[in-house]
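Be aware that the sequence shown starts at 2, since it is given in this note's numbering, and climbs by one per residue.
Ideal placement from N, C-alpha and C gives every residue a C-beta, glycine not left out.
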Amino acid sequence: MKRLEVLGFVLIVLISLVFDFLYFNYTTDDAFISFRYAKNLAEGKGLVFNAGERVEGYTNFLWTILMTPAFLLKVDILIWHKIIGIIFSVLTLFFLWRTGSKILGLMKSSLPTTFALIPPLLLALIPSYAIYTVNGMENPLFTFLLTLFVYFFVEENRGFASGLVAGLLSLTRPEGMMFFALGVLVALFYRRKGNYFSNLFWSYLAVVIPFVIFRAGYYSDIFPNSFYAKLGVPAWLRIKSWGKGYLVGLFRVYPYTIFVWAAIIVVPLLFNKGSLFLFPFFGFFGFMLYSVYAGGDMFPYFRFFALVLPLGALSILGGLVYLFADTKTLKQIHYAFLILALLVWGGLLVRVGVQNFRELNRIVEYKPFRTRPLAAHWDFWVSIGERLKEILPKGSTVVVQDVGAIPFYSELNIIDPIGLVDSTLAHFFFRERYNDYYQGYLSFETCSRVHKFVRDYILEHRKPEAILYHVDSRDCNDLSISFHYHYLYIDPRFLSDYKEHTRFENPEKKCVYILYVRSSSSVPAQTPEITTPTIERQRVPKRSKSYILY
Numbered sequence: 002m003k004r005l006e007v008l009g010f011v012l013i014v015l016i017s018l019v020f021d022f023l024y025f026n027y028t029t030d031d032a033f034i035s036f037r038y039a040k041n042l043a044e045g046k047g048l049v050f051n052a053g054e055r056v057e058g059y060t061n062f063l064w065t066i067l068m069t070p071a072f073l074l075k076v077d078i079l080i081w082h083k084i085i086g087i088i089f090s091v092l093t094l095f096f097l098w099r100t101g102s103k104i105l106g107l108m109k110s111s112l113p114t115t116f117a118l119i120p121p122l123l124l125a126l127i128p129s130y131a132i133y134t135v136n137g138m139e140n141p142l143f144t145f146l147l148t149l150f151v152y153f154f155v156e157e158n159r160g161f162a163s164g165l166v167a168g169l170l171s172l173t174r175p176e177g178m179m180f181f182a183l184g185v186l187v188a189l190f191y192r193r194k195g196n197y198f199s200n201l202f203w204s205y206l207a208v209v210i211p212f213v214i215f216r217a218g219y220y221s222d223i224f225p226n227s228f229y230a231k232l233g234v235p236a237w238l239r240i241k242s243w244g245k246g247y248l249v250g251l252f253r254v255y256p257y258t259i260f261v262w263a264a265i266i267v268v269p270l271l272f273n274k275g276s277l278f279l280f281p282f283f284g285f286f287g288f289m290l291y292s293v294y295a296g297g298d299m300f301p302y303f304r305f306f307a308l309v310l311p312l313g314a315l316s317i318l319g320g321l322v323y324l325f326a327d328t329k330t331l332k333q334i335h336y337a338f339l340i341l342a343l344l345v346w347g348g349l350l351v352r353v354g355v356q357n358f359r360e361l362n363r364i365v366e367y368k369p370f371r372t373r374p375l376a377a378h379w380d381f382w383v384s385i386g387e388r389l390k391e392i393l394p395k396g397s398t399v400v401v402q403d404v405g406a407i408p409f410y411s412e413l414n415i416i417d418p419i420g421l422v423d424s425t426l427a428h429f430f431f432r433e434r435y436n437d438y439y440q441g442y443l444s445f446e447t448c449s450r451v452h453k454f455v456r457d458y459i460l461e462h463r464k465p466e467a468i469l470y471h472v473d474s475r476d477c478n479d480l481s482i483s484f485h486y487h488y489l490y491i492d493p494r495f496l497s498d499y500k501e502h503t504r505f506e507n508p509e510k511k512c513v514y515i516l517y518v519r520s521s522s523s524v525p526a527q528t529p530e531i532t533t534p535t536i537e538r539q540r541v542p543k544r545s546k547s548y549i550l551y
């Protein structure tokens with residue numbers, strides 16, 4: 002490695018750390034699902050969300066296991082996950098650089114090896130990469146393993162290592178199996194010989210099969226619970242209602258990317274069938290199509306896009322290999338064009354990053370290394386969970402729509418009306434081809450059947466001590482559009498058995514949650530209390546009934 006390249010890589014890492022620093026106080030609510038599983042595992046309760054209920058409500062097994070030491074070592078999980086995420090982010094940048102350099106060498110490209118720094122540079126400049134490095138999701142581990150897989154895959158004699166890494170990738174997210182399958186197809190296209198395929202398959206199976214056996218034995222299923230909760234609706238409906246909008250939204254936020262990728266990637270690669278960049282190219286664009294098929298997701302700044310950014314960056318390098326061929330007369334013009342294009346692109350990326358940073362901190366006051374907040378106006382979920390822990394007796398069961406920070410900090414048993422961590426509801430939704438987010442597209446008969454089943458399940462079968470009702474209308478007198486609760490508020494059993502206990506308001510004084518407590522529970526009856534969250538924690542006199550959230 003040349004000294005100039007090493008210095009360039011150090012500069013790229015510093016750029017990446019600056020973005021990580023900007024988003025350091027952002028932790029997404031769904032990350033606390035994995036944190037709760039990890040905490041229960043560390044406390045000897047098993048890999049469960051609720052003690053005694055074996056439901057695989059996560060899809061990131063390896064990431065969840067990596068979170069467990071934080072609870073064993075008594076380290077703040079909000080610090081732990083960010084440190085782990087940044088470590089994997091830096092490792093991703095390093096192996097992305099080395100992968101690019103290796104490919105340039107194997108293909109005997111005329112480009113100098115300094116061009117291998119382009120993929121990590123582009124990655125470091127994309128705000129989505131930094132956001133998902135520190136927000137608590139499994140993205141940094143997945144992108145690292147995906148990059149490491151490509152690093153081994155481009156060599157013909159590394160089948161064993163490629164299979165092992167692909168296995169770990171599949172344990173991090175189920176989509177890892179897709180990349181393994183793509184790797185097999187590309188290897189067949191390359192006509193790799195010898196024992197490459199046997200090493201690839203056996204090493205992959207050595208990692209994946211034990212996990213499948215564990216999953217089937219421990220959870221009595223071969224699929225994660227979210228598979229049933231999310232993918233019951235027909236594919237065409239997912240694509241029509243959410244999927245295509247997800248892709249359109251991506252190009253609205255990063256509008257210039259489609260032109261850069263079309264010019265630099267597509268045309269050169271289509272005319273070079275032996276390219277070692279085929280896997281990154283088809284992996285990146287194939288995963289974008291998969292995200293449309295899956296219906297996208299609800300996370301900000303395109304989590305699926307962030308997962309495969311290393312492949313997109315390598316694909317750009319692949320296009321440059323062929324754009325800058327051995328034509329000496331045009332080489333200087335090509336280099337000048339490249340530098341100009343990268344500068345413009347980098348400037349646009351930084352601009353988008355600043356916009357994203359302002360949006361994330363629009364309500365939450367930015368303070369470096371302040372890890373307590375979540376995101377924007379959801380910052381107070383932590384304190385709602387802590388307040389529930391104070392109100393309800395230990396071991397109580399409560400219905401909660403948001404199954405992240407509130408369950409984590411409340412330490413109560415949870416009934417999830419969406420079905421992510423409830424196998425009964427998830428399997429029923431799957432059989433009915435139902436999902437809450439698609440109610441407007443489903444038949445009245447299907448929705449009515451589901452609403453009745455959920456109400457019966459909660460009020461007759463489970464009979465929770467409390468129901469934390471999410472008020473989508475932001476008006477405590479209007480619960481009609483709280484669609485995750487399936488019209489519980491008009492059920493006679495709810496009206497007779499549950500009484501209002503506490504209202505939770507957001508910083509704008511809008512009603513967000515109402516806590517209803519079962520009349521026969523041991524929770525003392527009282528005049529309904531109103532709590533108002535603020536951004537900063539405030540001391541409240543003990544005689545006051547108001548509770549200030551932060």
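(request) My understanding is that Phe288 touches Val322, with C-beta atoms under 8 Å, so please give their C-beta distance in whole angstroms. (result) On the sequence shown, position 287 is the one that residue 288 refers to. On the sequence shown, position 321 is the one that residue 322 refers to. Incorrect: roughly 22 Å between the Cβ atoms, too far for contact.
(request) Specify, as a first and last residue, the run of the beta strand (DSSP E) that Pro463 falls within. (result) Taking the first residue of the sequence shown as 1, we reach residue 463 at position 462. Note that residue 463 is Arg in the sequence shown, not Pro. Unbroken run through Arg463: none, as it is neither H nor E.
(request) Below 6 Å CB to CB, which residues in the same chain sit around Phe143 once its five sequence neighbours on both sides are set aside? (result) Here the question's residue 143 lines up with position 142 in the sequence shown. Around Phe143: Thr173, Arg174 and Leu308.
(request) Take Thr65 and list the residues in its own chain whose beta-carbon comes closer than 7 Å to its own, dropping the five residues that flank it on each side. (result) Within the sequence shown, residue 65 is the residue found at index 64, counting from 1. Excluding residues within five positions, the ones whose Cβ falls inside 7 Å are Ser35, Tyr38, Ala39 and Tyr59.
(message) Only counting the same chain, and skipping five residues up and downstream in sequence, which positions put a Cβ closer than 7 Å to that of Gly137?
(response) In the sequence shown, residue 137 corresponds to position 136, counting from 1. Taken in chain order, the residues that qualify are Thr28, Thr29, Ala32 and His82.
(message) Under DSSP, the beta strand (DSSP E) around His502 begins and ends at which residues?
(response) On the sequence shown, position 501 is the one that residue 502 refers to. That run of the beta strand (DSSP E) goes Tyr499 to Glu506.
(message) Using C-beta distances below 8 Å, list every residue in its chain close to Asn196, excluding the 5 sequence neighbours before and after it, in chain order.
(response) Within the sequence shown, residue 196 is the residue found at index 195, counting from 1. Answer for Asn196: Gly160, listed in chain order.
(message) Using 8 Å for Cβ pairs, my map puts Tyr410 next to Tyr470. What's the rounded Cβ distance?
(response) Counted from its first residue, the sequence shown places residue 410 at position 409. Counted from its first residue, the sequence shown places residue 470 at position 469. In fact, because the Cβ distance is near 19 Å, the residues do not count as touching under 8 Å.
(message) Our contact map puts Ile419 next to Gln402 with C-beta atoms below 8 Å; I'd like the distance itself, whole angstroms only.
(response) For the purposes of this step, residue 419 is identified with residue 418 of the sequence shown, where counting begins at 1. For the purposes of this step, residue 402 is identified with residue 401 of the sequence shown, where counting begins at 1. Their Cβ separation, rounded to whole angstroms, is 7 Å, which keeps Ile419 and Gln402 in contact under 8 Å.
(message) Please return the same chain residues whose Cβ sits closer than 8 Å to the Cβ of Lys3, not counting the five positions on each side in sequence.
(response) Residue numbering aside, residue 3 sits at position 2 when the sequence shown is read from its first letter. Closer than 8 Å at the Cβ level, and outside the excluded window around Lys3, lie Thr114 and Thr115.
(message) DSSP three-state label for Ile127, please.
(response) Within the sequence shown, residue 127 is the residue found at index 126, counting from 1. The answer is coil: DSSP assigns Ile127 none of H, G, I, E or B.
(request) Tell me where the beta strand (DSSP E) around Ile415 begins and ends. (result) In the sequence shown, counting from the first residue as 1, residue 415 sits at position 414. Note, Ile415: beta strand (DSSP E), Asn414 to Ile416.
(message) I need the straight-line Cα distance from Phe25 to Tyr133, nearest angstrom please.
(response) In the sequence shown, the residue the question calls residue 25 occupies position 24. In the sequence shown, the residue the question calls residue 133 occupies position 132. Spanning the two alpha carbons is a distance of roughly 10 Å.
(request) State whether the segment 165-185 contacts the segment 121-135, with contact taken as three or more CB pairs (one from each stretch) at a distance under 8 Å. (result) no
(request) Count the other C-beta atoms from every protein chain shown that fall within 10 angstroms of the C-beta of Arg253, then say buried if there are 16 or more, exposed otherwise. (result) Position 252 of the sequence shown holds residue 253. With fewer than 16 Cβ atoms within 10 Å of its Cβ, Arg253 is classed as exposed.
(message) In the DSSP output, what is Tyr470 paired with across the bridge?
(response) Within the sequence shown, the letter at position 469 stands for residue 470. DSSP lists Ile515 as partners of Tyr470.
(message) For the beta strand (DSSP E) containing Val399, name the first residue and the last one.
(response) As a position in the sequence shown, residue 399 is number 398, starting the count at 1. Its beta strand (DSSP E) spans residues Thr398 to Val401.
(request) Please report the residue range of the alpha helix (DSSP H) in which Phe64 lies. (result) Residue mapping note: residue 64 aligns to position 63 of the sequence shown, counting from 1. Sequence check: residue 64 is Trp here, not Phe. Phe62 to Leu73 is the extent of the alpha helix (DSSP H) around Trp64.
(message) Can you tell me which residues form a DSSP beta bridge with Glu446?
(response) By 1-based counting over the sequence shown, the position of residue 446 is 445. Beta-bridge pairing links Glu446 to no other residue.
(message) Do Ile415 and Asn573 have their beta-carbon atoms positioned less than 8 Å apart in this structure?
(response) Only positions 2 to 551 of the chain appear in this structure, which leaves residue 573 out of reach.
(message) According to DSSP, Glu54 sits in a beta bridge with which residue or residues?
(response) As a first step, residue 54 must be located in the sequence shown, where it is residue number 53. Partner(s): Asn51.
(request) Could you tell me how far apart the beta carbons of Asp229 and Ala71 are, in whole angstroms, since I believe they sit closer than 8 Å? (result) By one-based count along the sequence shown, residue 229 stands at place 228. By one-based count along the sequence shown, residue 71 stands at place 70. Note that residue 229 is Tyr in the sequence shown, not Asp. That pair is no contact at about 29 Å.
(request) Determine the closest residue to Phe62 out of Leu18, Thr100, Ile84 and Asn140, with distance taken between C-alpha atoms. (result) As a first step, residue 62 must be located in the sequence shown, where it is residue number 61. The residue with the shortest Cα to Cα distance from Phe62 is Asn140.
(request) Can you have a look at Leu496 and say buried or exposed, based on whether 16 or more other CB atoms are within 10 angstroms of its CB? (result) As a working mapping, residue 496 is identified with position 495 in the sequence shown. With fewer than 16 other Cβ atoms within 10 Å, it is exposed.
(message) Using only CA atoms, which one of Leu251, Tyr294 and Phe431 lies nearest to Arg304?
(response) Here residue 304 refers to the residue found at position 303 when the sequence shown is read from its first residue. Looking at the Cα atoms, Leu251 is the closest of the given residues.
(request) Compute the beta-carbon to beta-carbon distance between Ile223 and Val213, rounded to the nearest angstrom, for a pair I have assumed lies under 8 Å. (result) Working through the sequence shown from its first residue, we reach residue 223 at position 222. Working through the sequence shown from its first residue, we reach residue 213 at position 212. About 6 Å; that satisfies the 8 Å criterion.
(message) Do Val151 and Phe280 have their beta-carbon atoms positioned less than 8 Å apart in this structure?
(response) By 1-based counting over the sequence shown, the position of residue 280 is 279. By 1-based counting over the sequence shown, the position of residue 151 is 150. Closer than 8 Å, so yes.
(request) Report the three-state DSSP secondary structure of Arg475 (helix, strand or coil). (result) Translated into the one-based positions of the sequence shown, residue 475 becomes position 474. Arg475 falls in the coil class under three-state DSSP.
(message) Whether or not the segment 93-104 and the segment 313-320 are in contact is what I'm after, with contact meaning three or more pairs of Cβ atoms, one per stretch, closer than 8 Å; do they touch?
(response) yes
(message) Can you tell me whether His5 is buried or exposed? The criterion is at least 16 other CB atoms within 10 Å of its CB, across all chains shown.
(response) Numbered from its first residue, the sequence shown carries residue 5 at position 4. The residue asked about is misnamed: residue 5 is Leu in this sequence, not His. Leu5 should be labelled exposed.
(message) What residue range does the alpha helix (DSSP H) around Pro141 cover?
(response) For the purposes of this step, residue 141 is taken as the residue at position 140 of the sequence shown. It spans Asn140 to Phe154 - the alpha helix (DSSP H) in which Pro141 sits, taken as one unbroken run.
(message) Does the segment 460-467 come into contact with the segment 441-452, if we say contact requires no fewer than three beta-carbon pairs (one atom in each stretch) closer than 8 Å?
(response) no
(message) I need the DSSP call for Leu18, collapsed to helix, strand or coil.
(response) Stepping through the sequence shown from its first residue, residue 18 is reached at position 17. DSSP places Leu18 in helix when its eight states are reduced to three.
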